[in-house]
């Protein structure tokens with residue numbers, strides 16, 4: 001897969017306002033050819049926004065040279081004001097270095113003066129996309145890596161051939177907690193779990209550990225196989241210690257409260273617990289991240305069927321991925 005095909009095999013696009021291809025600096029033309037599949041040129045900010053809103057581009061290039069600076073800065077402001085296009089990295093071409101501060105204040109993410117040496121321009125362009133990938137790849141609530149970064153990390157672990165464990169963590173009874181205590185408190189619990197996962201994984205594994213946030217109350221962490229039991233056991237035990245203090249005293253003392261199920265019927269809701277489904281390379285060989293993710297999700301569902309906070313480890317040999325677990329693999333509860 002080439003860079004121009006993007007991370008999902010889809011050809012990407014750059015939108016250029018106010019410059020014909022021959023007018024773009026050579027270093028910019030070469031850069032665009034390497035990072036996108038198509039370059040769309042538009043003549044107005046209206047056309048720019050129309051294209052960007054239909055399909056979010058990889059990058060927007062605005063030509064503010066030769067008397068076009070005001071129009072380019074106005075276009076940059078429009079791109080950044082919209083919540084859908086605001087995350088698109090925006091590059092401005094300017095005549096002089098003195099214009100750069102105003103351009104950045106207008107919302108552009110990078111500005112290239114005409115006289116900038118090519119090697120510095122190439123470094124700035126590469127950094128522009130690195131910053132964009134970093135900023136868009138994290139979950140806004142927890143600042144942990146998101147789905148694409150998780151997939152990339154699994155691929156790296158597979159390629160390394162070092163034994164590892166992929167652990168899918170999910171909260172039990174979180175929806176009912178949100179309904180009773182509100183989304184602000186729910187977000188606080190999500191951040192608490194994210195910090196617990198991060199501090200435990202990094203504290204035990206250092207740089208060999210990875211923690212990502214799939215979304216909602218779903219997290220995935222990857223650790224060396226040898227550290228799996230210690231990491232998961234510590235998370236389960238610590239969560240059980242912390243979770244009662246996320247409730248009002250009456251609920252905490254009772255150990256439950258009454259909430260409504262999806263059919264609107266009252267039922268007894270226990271305090272939250274954490275379920276972790278674990279898949280390892282101890283008895284399996286994986287070739288794609290999708291295989292690991294699917295099996296980890298399957299084991300998470302198995303763990304959620306057990307009472308309380310647990311981690312469940314898949315102990316099966318290589319079989320068709322996606323088959324339901326035939327027998328309980330391993331279920332470890334907190335003390």
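Residue numbers (UniProt numbering): 1 to 335.
C-beta: ideal position from N, C-alpha, C; glycine also.
Nearest-angstrom Cα separation, counted from residue j out to residue i
i           : j           : result
residue 236 : residue 218 : 15 Å
residue 214 : residue 133 : 16 Å
residue 14  : residue 267 : 53 Å
residue 65  : residue 16  : 13 Å
residue 199 : residue 260 : 34 Å
residue 167 : residue 73  : 46 Å
residue 23  : residue 139 : 38 Å
residue 339 : residue 127 : This structure gives no information on residue 339, because the portion of the chain shown stretches from 1 to 335.
residue 37  : residue 25  : 18 Å
residue 256 : residue 182 : 17 Å
residue 303 : residue 131 : 37 Å
residue 263 : residue 180 : 16 Å
residue 125 : residue 194 : 33 Å
residue 81  : residue 105 : 13 Å
residue 315 : residue 123 : 48 Å
residue 250 : residue 258 : 12 Å
residue 33  : residue 118 : 16 Å
residue 42  : residue 159 : 42 Å
residue 188 : residue 269 : 20 Å
Cβ-Cβ distance between residue i and residue j below 8 Å
i           : j           : result
residue 277 : residue 309 : no
residue 50  : residue 62  : no
residue 289 : residue 151 : yes
residue 225 : residue 281 : yes
residue 171 : residue 272 : yes
residue 192 : residue 242 : yes
residue 56  : residue 85  : yes
residue 229 : residue 205 : no
residue 197 : residue 169 : yes
For residue i, the nearest candidate out of the options (CA to CA)
i           : options            : result
residue 88  : 114, 118, 53       : 53
residue 71  : 109, 48, 179       : 48
residue 232 : 206, 311, 287      : 311
residue 35  : 77, 60, 44, 23     : 60
residue 116 : 101, 104, 94, 105  : 94
residue 222 : 113, 262, 164, 299 : 164
residue 120 : 28, 230, 301       : 28
residue 141 : 154, 159, 176, 184 : 184
residue 274 : 41, 239, 103       : 239
residue 154 : 169, 125, 291      : 291
residue 113 : 96, 124, 247       : 96
residue 157 : 106, 45, 102, 207  : 207
residue 147 : 220, 247, 42, 92   : 220
Residues of its chain near residue i, where Cβ-Cβ distance is below 7 Å and the 5 sequence neighbours each way are ignored
i           : result
residue 149 : 137, 212
residue 190 : 141, 142, 217
residue 247 : 271
Residues near residue i by beta carbon distance below 6 Å, same chain, minus five either side
i           : result
residue 18  : 63, 68
residue 90  : 60, 76, 79, 108, 109
residue 234 : 200
residue 326 : Below a pLDDT of 50, predicted positions are generally treated as unreliable, and residue 326, at 46, falls in that range; the measurement from the model is reported next regardless. Cβ within range, chain order: n/a, list empty.
residue 301 : none
8 Å CB neighbourhood of residue i in its chain, flanking five on each side removed
i           : result
residue 317 : 283, 284
residue 202 : 209, 211
residue 245 : 252
residue 186 : 174, 177, 178
residue 40  : 13, 14, 15, 16, 51, 57
residue 46  : none
residue 101 : none
Proximity test, residue i beta-carbon vs the ligand FAD heavy atom, cut-off 7 Å
i          : result
residue 90 : With respect to small molecules bound, the structure shown includes none, and the ligand FAD cannot be examined in it.
Please specify which runs of the beta strand (DSSP E), each continuous and at least 3 residues long, are wholly inside the UniProt domain "GGDEF" (162 to 316), giving them in chain order. Uninterrupted beta strand (DSSP E) stretches at least 3 residues long and entirely within the UniProt domain "GGDEF" (162 to 316) occur at 164 to 172, 210 to 215, 218 to 224, 256 to 260, 266 to 270, 273 to 280, 310 to 313, given in chain order.
Alpha helix (DSSP H) runs contained entirely in the segment 12 to 60, provided each spans 4 or more residues: Runs of the alpha helix (DSSP H) lying entirely within the segment 12 to 60 and spanning at least 4 residues, in chain order: 26 to 35, 45 to 54.
Segments assigned beta strand (DSSP E), at least 3 residues, entirely inside the segment 63 to 109: If you keep only unbroken beta strand (DSSP E) runs of at least 3 residues inside the segment 63 to 109, you get 90 to 94.
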